[in-house]
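K.L.:
Please find one structure pasted underneath; my questions will follow.
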Ligand code: UN1
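Residue numbers (full-length UniProt numbering): 1 to 513.
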């Protein structure tokens, strides 16, 4: 355990925010306390947006959309290109802020900003590739095509654990697709949101100075509690709500948006498993599982929560994983060499302890899991990651606990392992470690993993932006980021054009006047 635990002092923080364009005053006089999970110290009180102001923000965003949709897509891409450029320049400052506000280690803070840069690059290319199809018409002298057209206002609701990347996945695509955005970040991470808004505003200025036509209010920030999110969910001018968070939140948001025939992208919880097969390269499997389960202190929706291990290698795998677990350097995420930072808050630590108590009741043998660094940081919540050998996939194993807990299960046949992997309500990410080609193919095939992400010989977390990201079942069904996820941010128009001098009807129908 590393006891050097630097934190970002308030003057450091103010200075970093100022460098990113957030004025010092933004940190005082508000009602929302901003705190760093590194030491639990309150670093400021940020202003919250009232519900009427959040609604008005949507109205203004809609006015911006009416202008922006007419700007040619490659020119919209130029704004996103400039945003990516600015993020490249501010990468280290923003990453440090992300680490300070979320508690993720600096390397992961840097990775998160890199993920933003990557999606900007992707979106810039996409701005010249919002392709529709041409379709053969059954009628002579007719042409059919489909076009993808801008949708409207996109409401973006994000969680604390990826406080900036998830905004970027959504905003970069939404903007090149011709939409306006209103963003409600987690109330646990308002500072990174303020920083990002300032970065966006500065990008706007640069874009306009270079002759770009960008309306005011194109991308706005609303800060507050659930009622501010609800203002986006219920506003008829929010054409798409893209919400990341718990399954509980998704169950509220989904039906409310559907009620008004709005669209949703729901990116909810995961209960991700790795299957470790007899032929697995155990070096890879141990490293991949340790990063997935304990990296980001188990606070990714893609974190590995279950390892389903073949009985023939179970004891060896678990012994190696336990050795790795016991050696994990826990401490301030800003200190060199640390791999596990704090949990976001006390509620997260309490939820972890409650899950471990339940696991014990259900026959689990727990190693680790206790509080650490309490003397040094009485207001912060550092936890020793836990490995829990379970006799079966009991109730607690079927639920997502947003903490570094890995449940271990044994299997005999691959069918049994796949059945266990699929027998939870969530369906986000999954992986198999195997060197057997047939096993790997079965895992990714039709009767294999039921998750939106199914990997072979790598862990469940840390997806690249080029693929579509999301899961099924209680994980929400939405897809964000790469591949053709952009289509959710546009509306499809099917057009048939008659360039003949007659009016033949489809399906051979006759209607001769
Ligand atoms: C999340 O935890 O909400 O695949 C997103 C990953 C990251 C994104 C995680 N690229 O782990």
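All C-beta atoms, glycine included, are put in the ideal place defined by N, C-alpha and C.
1) Using a threshold of 8 Å, is the CB atom of residue 166 nearer than that to any non-hydrogen atom of the ligand UN1?
2) Terminal residues of the continuous beta strand (DSSP E) containing residue 33?
3) Measure the alpha-carbon distance for residue 336 versus residue 110 and round it to whole angstroms.
4) Please return the same chain residues whose Cβ sits closer than 6 Å to the Cβ of residue 427, not counting the five positions on each side in sequence.
5) Using DSSP with H/G/I as helix, E/B as strand and the rest coil, what is residue 57?
6) Which two residues bound the contiguous alpha helix (DSSP H) that contains residue 14?
7) Return the Cβ separation of residue 404 and residue 294 in integer angstroms, given the expectation that the two are a contact with Cβ distance under 8 Å.
8) Cutting at 8 Å between CB atoms, please list the residues of its own chain near residue 411, excluding the five before and the five after it.
9) Measuring alpha carbon to alpha carbon, tell me which residue in 366, 504, 445 and 55 is nearest residue 184.
10) In terms of residue numbering, what span does the beta strand (DSSP E) encompassing residue 113 cover?
11) Mind checking whether the beta-carbon of residue 347 lies closer than 8 Å to any heavy atom of the ligand UN1?
12) Are there any heavy atoms of the ligand FAD lying less than 8 Å away from the beta-carbon of residue 300, as far as the coordinates show?
13) Alpha carbon to alpha carbon, how far is residue 5 from residue 51?
14) Is the separation between the beta-carbon of residue 151 and that of residue 491 shorter than 9 Å?
15) If we require 3 or more residues per run, which beta strand (DSSP E) segments fall completely within the region 348-396?
16) Compute every distance between the C-beta of residue 476 and the non-hydrogen atoms of the ligand UN1, then say whether any falls below 8 Å.
17) What whole-angstrom Cβ distance do residue 170 and residue 154 have, given they're in contact under 8 Å?
18) With a floor of 3 residues, list each beta strand (DSSP E) that falls wholly inside the region 127-196, ordered by position along the chain.
19) Have a look at 29, 40 and 96 and flag the residue whose alpha-carbon is nearest the alpha-carbon of residue 13.
20) With a Cβ-Cβ cutoff of 9 Å, do residue 92 and residue 7 count as a contact?
21) Can residue 463 be considered in contact with the ligand UN1, in the sense that its beta carbon sits closer than 8 Å to one or more heavy atoms?
22) Quick check: what's the CA-CA separation for residue 401 versus residue 357?
23) Taking residue 414 as the reference, give the member of 347, 209, 399 and 431 with the closest Cα.
24) Residue 493 lies in the beta strand (DSSP E); which residues open and close that run?
25) Identify, in the order they occur along the chain, each residue of the same chain with its Cβ nearer than 7 Å to the Cβ of residue 231, setting aside the five sequence neighbours on each side.
26) At 3 residues or longer, what runs of the beta strand (DSSP E) sit wholly inside the region 183-268?
27) Find out if the Cβ-Cβ distance for the pair residue 237, residue 488 is shorter than 9 Å.
28) Quick one, which of 134, 130 and 156 has its alpha-carbon nearest residue 233's?
29) So, at 7 Å on beta carbons, what are the nonlocal neighbours of residue 448 in its own chain, with the 5 sequence-adjacent residues on each side left out?
30) With a threshold of 8 Å, establish whether the CB of residue 469 neighbours any heavy atom of the ligand UN1.
31) Taking the alpha carbon of residue 316 as the reference point, which residue from 129, 306 and 277 has its own alpha carbon closest?
32) Where does the unbroken beta strand (DSSP E) through residue 44 begin, and where does it stop?
33) Skipping 5 residues on each side, what residues in its chain have a beta carbon closer than 6 Å to that of residue 407?
34) Mind checking whether the beta-carbon of residue 244 lies closer than 8 Å to any heavy atom of the ligand UN1?
35) Distance check for residue 433 and residue 458, CA to CA, integer angstroms please.
36) If you follow the alpha helix (DSSP H) that residue 317 is part of, which residue opens it and which one closes it?
P.N.:
Checking against the coordinates, here is how it stands:
1) yes
2) 32-35
3) 14 Å
4) 450, 451, 471, 472, 473 and 475
5) helix
6) 10-19
7) 5 Å
8) 275, 308, 309, 310, 311, 417 and 420
9) 55
10) First-last for residue 113: 106-126, but that is the alpha helix (DSSP H), not the beta strand (DSSP E).
11) no
12) For the ligand FAD, the structure offers nothing, since it holds only the ligand UN1.
13) The predicted model places residue 5 with a pLDDT of 48, which falls under 50 and marks its position as unreliable, so this point remains unresolved.
14) yes
15) 365-368 and 386-389
16) no
17) 7 Å
18) 142-150, 153-157 and 180-184
19) 96
20) no
21) yes
22) 12 Å
23) 431
24) 490-498
25) 51, 54 and 55
26) 219-221, 238-244 and 263-267
27) no
28) 156
29) 418, 442 and 454
30) yes
31) 277
32) 42-46
33) 306, 388, 390 and 397
34) yes
35) 7 Å
36) 314-326
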